[in-house]
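One structure below.
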Amino acid sequence: MGELREYSAADVDVIFGTRALRGKAEDFLTISPVEDAFETQNGSDGEVTRSKTSVKSRIAEVTLQQGSPDNAYLRAIHNADKNTGGGVQPFAAIDRSGTYIGKGEQAFIITAPDESFARASGDRTWRIFIANFEELGGGSNVPGA
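Numbering (the working numbering), first residue to last: 10 to 154.
Structure (structure tokens):
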């Protein structure tokens, strides 16, 4: 019989610069590699060779609610970076209800969100490039363990 595992989105911290971002949307974080870890080449005789790319960079898509005060925080960092540089910040994603930690010391906003306005509040998605991203763990904890 399997063990019961527990996850809580409220226990996932997304940290950019000096701040744990608040006002996370329902689907608030996706971290994707910028390219595959391996490339393959198929020979005419069916032999396959793989090459390790050694690229550790990631793109994080962080989605905040439209009303989150951290949209202004991210906008200020992004605007300053475009105008004078200095927007490179540490990034981390930490699941306190589990064992996942992902982090990089050099990250910067590559795309600010589209701005849309409607009758109901929407979401804002920030795209953040992270160099030399490191990942640890990835499971959920057993409650009470």
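Where is the CB? At the ideal position from N, CA and C, for every residue including glycine.
This one's a predicted model, so the numbers in the text were calculated from it and none came from an experiment.
The beta strand (DSSP E) that contains residue i, what's its start and end?
i: ASP36; result: 33-42
i: LYS112; result: 110-120
i: GLU48; result: 47-51
By the three-class DSSP mapping on this structure, what secondary structure does residue i have?
i: ASP132; result: strand
i: GLU12; result: coil
i: GLY107; result: strand
i: ALA140; result: strand
i: LYS65; result: coil
i: SER125; result: coil
i: VAL71; result: strand
i: THR58; result: strand
At what residues does the alpha helix (DSSP H) containing residue i begin and finish?
i: ALA19; result: Segment: none, ALA19 is in no alpha helix (DSSP H) and carries neither H nor E.
i: ILE93; result: In the sequence as displayed, the identity of residue 93 is Thr instead of Ile. Segment 79-93, the alpha helix (DSSP H) holding THR93.
Of the choices the options, whose alpha-carbon is the least far from that of residue i?
i: PRO42; options: GLY111, ALA34 and PHE126; result: GLY111
i: PHE37; options: GLY147, GLY146, GLY148 and ARG136; result: ARG136
What I want to know is whether the C-beta of residue i ends up closer than 7 Å to one or more non-hydrogen atoms of the ligand PLP.
i: PHE25; result: Absence of the ligand PLP is noted for the structure shown, with no ligands found whatsoever.
For the stretch 55-72 against the stretch 130-146, do three or more pairs of beta-carbon atoms, one drawn from each stretch, fall closer than 8 Å, so that the two count as touching?
yes
Using 8 Å as the cut-off, can you tell me whether the stretch 102-119 makes contact with the stretch 12-21, which would need three or more C-beta pairs spanning the two stretches below that distance?
yes
Do three or more CB pairs link the stretch 44-57 to the stretch 17-28 at distances below 8 Å?
no
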